[in-house]
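There are 2 protein chains.
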Amino acid sequence: MAQLLRVQNFNISSDGIGAGEHQSLEVPFGLPAPQRLFSWAGATASWPMRTDPGGSRGLDDYFTRDFSHNIGAEIMGRNKFGPQRGPWLDHEWRGWWGDEPPFHTPVFVMTHHERPSYTLSDTTFHFVDAAPATVLERAREAAQGKDVRLGGGVSTIRQFLDADLVDTLHLAVSPLELGSGLRLWTSPDELLDRFHLDVVPSPSGVVHHLFWRK
Amino acid sequence: MAQLLRVQNFNISSDGIGAGEHQSLEVPFGLPAPQRLFSWAGATASWPMRTDPGGSRGLDDYFTRDFSHNIGAEIMGRNKFGPQRGPWLDHEWRGWWGDEPPFHTPVFVMTHHERPSYTLSDTTFHFVDAAPATVLERAREAAQGKDVRLGGGVSTIRQFLDADLVDTLHLAVSPLELGSGLRLWTSPDELLDRFHLDVVPSPSGVVHHLFWRK
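In the order they appear, the protein sequences are chains X and Y. Heads up: the first sequence runs through residues 36 to 249, numbered per our numbering. Heads up: the second sequence runs through residues 36 to 249, numbered per our numbering.
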């Protein structure tokens with residue numbers, strides 16, 4: 036079975052924006068704060084951060100519960116790891132993700148500034164200064180036969196699309212315009228030369244876009 | 036985490052029919068043959084019986100690949116096991132499902148005629164003459180914390196609905212009328228007093244109906 040590189044549950048606005056600008060330690064997603072983009076996932080029964088019982092078990096729940104299935108490693112850009120730019124000034128700070136990161140696999144952080152790997156709970160972070168194809172090769176090896184999730188953010192996904200390394204994408208498009216920020220696309224049609232597309236409106240208002248390689 | 040009783044990927048026609056009549060060894064699904072009801076699943080990349088690479092990875096694929104996730108046991112009616120009625124005349128015949136049954140868990144076959152359990156590959160069949168609540172209790176125990184799949188057929192699902200034991204249902208409604216056969220419902224509205232419903236049309240033509248308990 037081929038090991039796929041999959042974008043899963045990546046959230047963007049109706050105008051294609053997946054993250055704000057001016058990211059900082061206090062404002063992980065930048066401004067304007069795009070947290071509203073993932074409210075659909077928080078409403079589902081399978082949302083990993085859910086603390087009370089309940090939540091919906093309809094269409095959106097399939098996507099939240101599929102997030103980790105058959106995933107053996109994640110690749111993320113440095114901005115998904117933290118707000119720092121340039122050389123690391125502080126190895127003590129260990130990412131946005133707390134003592135129990137939600138990945139539960141090896142994670143490969145793409146950065147021009149490598150630093151030692153470390154493990155938090157069942158997630159190990161590696162820092163790699165390499166081209167997308169090389170990072171993917173390392174992630175596939177670590178995934179031990181399972182698929183690799185491409186976690187984002189926007190510019191990391193664009194790099195892997197440019198290198199034609201992505202096998203499937205699930206983008207959840209929320210019915211709100213952000214106007215400014217980091218833009219994944221102007222229109223989903225930009226990917227149709229290389230991908231099939233199912234457009235699936237959810238009763239929650241989000242429109243799931245499912246791409247798979249032709 | 037609660038152990039759910041889930042109907043998964045159960046296929047019916049637009050007029051609510053899930054199986055034909057006059058089931059026999061040669062015609063497992065009865066007449067008129069409703070195999071066309073699951074062609075949507077066979078077209079997906081995750082279809083377990085797929086022998087060639089390829090297949091779609093859009094919406095329908097989420098449902099085929101979710102079939103086994105977090106399932107620890109299955110309950111089925113006797114007609115899903117085989118065409119025999121009344122006392123077993125032949126213990127040599129071991130069900131429709133071949134030497135590698137697609138369940139990979141304990142399976143509880145509801146029947147008024149018990150017979151010894153046996154194992155084929157990683158599936159063990161048990162034969163239970165008991166009310167739905169009792170069978171569910173045994174299946175939950177065997178599932179070791181995972182969910183239980185209610186595999187059908189039609190009359191088995193109706194029994195568990197009547198006993199109010201079902202937590203979620205995924206019904207795939209195909210755009211064809213069968214006219215006669217075993218009918219699950221006249222309209223999905225019959226379940227709306229007890230369940231939420233997401234209606235999700237797939238680009239393949241099938242309409243996924245996702246119910247979860249209110």
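Glycine included, C-beta positions come from ideal geometry on N, C-alpha and C. What you are looking at is a predicted structure, and each value in this text was computed from that prediction instead of being measured.
> If we call anything under 8 Å between Cβ atoms a contact, is D95 of chain X one with V241 of chain X?
Replying inline: A Cβ-Cβ contact shorter than 8 Å links D95 of chain X with V241 of chain X.
>> By the three-class DSSP mapping on this structure, what secondary structure does W75 of chain X have?
In response: The three-state reading of DSSP puts W75 of chain X in helix, counting H, G and I together.
> Do the stretch 82-94 of chain Y and the stretch 115-128 of chain Y make contact, defined as three or more Cβ pairs closer than 8 Å?
Replying inline: They do not touch, by the three-pair rule.
>> Buried or exposed, going by whether 16 or more other CB atoms sit within 10 Å of the CB of R229 of chain Y?
In response: With a threshold of 16 other beta carbon atoms within 10 Å, R229 of chain Y falls short and is exposed.
> Counting only beta-carbon atoms, is D101 of chain Y nearer than 8 Å to chain X?
Replying inline: Yes - at least one Cβ of chain X is within 8 Å of the one on D101 of chain Y.
>> Short of 8 Å in beta carbon distance, which residues of its chain neighbour P238 of chain X, apart from the five on each side in sequence? Order them along the chain.
In response: Cβ neighbours of P238 of chain X beyond the five flanking positions: G93, L94.
> In angstroms, rounded to a whole number, what distance separates the CA positions of Q179 of chain Y and R193 of chain Y?
Replying inline: Cα to Cα, the separation comes out at about 25 Å.
>> So, with DSSP's three-state summary, where would you put A177 of chain Y?
In response: Three-state DSSP puts A177 of chain Y in a helix.
> If G112 of chain X and M145 of chain X are in contact, beta carbons under 8 Å, what's the gap, nearest whole angstrom?
Replying inline: 5 Å between Cβ atoms; contact.
> Can you list, in chain order, the residues of its chain whose CB lies under 7 Å from that of N114 of chain X, leaving out five sequence neighbours each side?
Replying inline: If we look at N114 of chain X and ignore the five residues flanking it on each side, its Cβ neighbours are Q58, G188.
>> With a threshold of 8 Å, are at least 3 pairs of Cβ atoms found where one atom belongs to the stretch 148-167 of chain Y and the other to the stretch 211-227 of chain X?
In response: Touching, no.
> Does the Cβ of W75 of chain Y have 16 or more other Cβ atoms within 10 Å, making it buried, or fewer, making it exposed?
Replying inline: By the 16-neighbour rule on beta-carbons within 10 angstroms, W75 of chain Y is buried.
> Between L90 of chain Y and T99 of chain Y, what straight-line distance do the alpha-carbon atoms span, to the nearest angstrom?
Replying inline: Note on identity: in this sequence residue 90 of chain Y is Gly, with Leu being the wrong assignment. So the two alpha carbons sit approximately 11 Å from each other.
> Below 8 Å between beta carbons: does that hold for V42 of chain Y and L217 of chain Y?
Replying inline: It is not a contact, given that the beta carbons lie outside the stated cut-off.
> Between X:K249, X:A80, X:P210, X:S103, which lies nearest to D236 of chain X when the distance is taken from Cα to Cα?
Replying inline: The question names Asp, yet the displayed sequence has Pro at residue 236 of chain X. Of X:K249, X:A80, X:P210, X:S103, the residue nearest in Cα terms is X:P210.
> Given a threshold of 16 other Cβ atoms within 10 Å of its Cβ, counted over all protein chains shown, does Q70 of chain Y qualify as buried or as exposed?
Replying inline: Flag for Q70 of chain Y reads exposed.
> Considering only the beta carbon of each residue, do L40 of chain X and V201 of chain X sit closer than 8 Å?
Replying inline: A contact, by the Cβ cut-off of 8 Å.
> What separation, rounded to the nearest whole angstrom, lies between the Cα atoms of H251 of chain X and F246 of chain X?
Replying inline: As displayed, chain X neither begins before 36 nor continues past 249, which places residue 251 of chain X out of reach and without an answer.
>> In whole angstroms, give me the CA-to-CA distance for F116 of chain Y and V170 of chain X.
In response: So the two alpha carbons sit approximately 48 Å from each other.
>> If the criterion is Cβ atoms closer than 8 Å, does the pair E56 of chain Y and S215 of chain Y meet it?
In response: Yes, Cβ-Cβ distance for E56 of chain Y and S215 of chain Y is below 8 Å.
> Quick one, are the C-beta atoms of H161 of chain Y and F143 of chain Y less than 8 Å apart?
Replying inline: Cβ atoms of H161 of chain Y and F143 of chain Y: closer than 8 Å.
>> Which residues in chain X have a C-beta closer than 7 Å to the C-beta of G93 of chain Y? List them in chain order.
In response: By Cβ distance, chain X contributes H231, D233, L245, W247.
> Helix, strand or coil: how does DSSP classify Q38 of chain Y here?
Replying inline: If DSSP states are grouped into helix, strand and coil, Q38 of chain Y belongs with coil.
> What is the residue span of the beta strand (DSSP E) that D125 of chain Y lies within?
Replying inline: Unbroken run through D125 of chain Y: none, as it is neither H nor E.
>> Does the CB of T86 of chain Y have a neighbour CB from chain X at under 8 Å?
In response: It does not: the Cβ of T86 of chain Y has no partner Cβ on chain X nearer than 8 Å.
> Name the DSSP beta bridge partners of Y97 of chain Y, please?
Replying inline: DSSP lists no partner for Y97 of chain Y.
> Is there a Cβ from chain Y that is less than 8 Å from the Cβ of Y153 of chain X?
Replying inline: Chain Y contact via Cβ: absent.
>> Out of X:L232, X:P63, X:H148, which one is the CA nearest neighbour of H126 of chain X?
In response: Residue X:H148 is the option with its Cα nearest to H126 of chain X.
> For a contact meaning CB atoms closer than 7 Å, what does P238 of chain X contact in chain Y?
Replying inline: Here the neighbours are D233.
>> By the 7 Å beta-carbon criterion, what residues does the stretch 202-229 of chain X contribute toward chain Y?
In response: If the cut-off is 7 Å between Cβ atoms, the stretch 202-229 of chain X has T203 near chain Y.
>> Here's a check: name, in chain order, each residue in its chain whose Cβ is nearer than 6 Å to the Cβ of S81 of chain X, leaving out the five neighbours to either side.
In response: The beta carbon of S81 of chain X sits closer than 6 Å to those of D96, T99, R100, all from its chain and outside the five residues before and after it, given in chain order.
> Which residue or residues does DSSP assign as beta-bridge partners of G112 of chain Y?
Replying inline: Answer by DSSP bridge pairing, in chain order: Y:M145.
> Can you give the Cα-Cα distance for D199 of chain X and A165 of chain X, rounded to whole angstroms?
Replying inline: Cα-Cα distance, rounded: 16 Å.
>> Let me check one thing: in DSSP terms, what residues is I47 of chain X bridge-paired to?
In response: Partner residues in the beta bridge of I47 of chain X, as assigned by DSSP, are X:V208.
>> For A174 of chain X and E172 of chain Y, I'd like the C-alpha separation in whole angstroms.
In response: Distance between the alpha carbons of A174 of chain X and E172 of chain Y is about 42 Å.
>> Would H139 of chain X pass as an interface residue toward chain Y - the criterion being a Cβ-Cβ separation below 8 Å?
In response: Taking Cβ atoms only, chain Y never reaches closer than 8 Å to H139 of chain X, which makes this a no.
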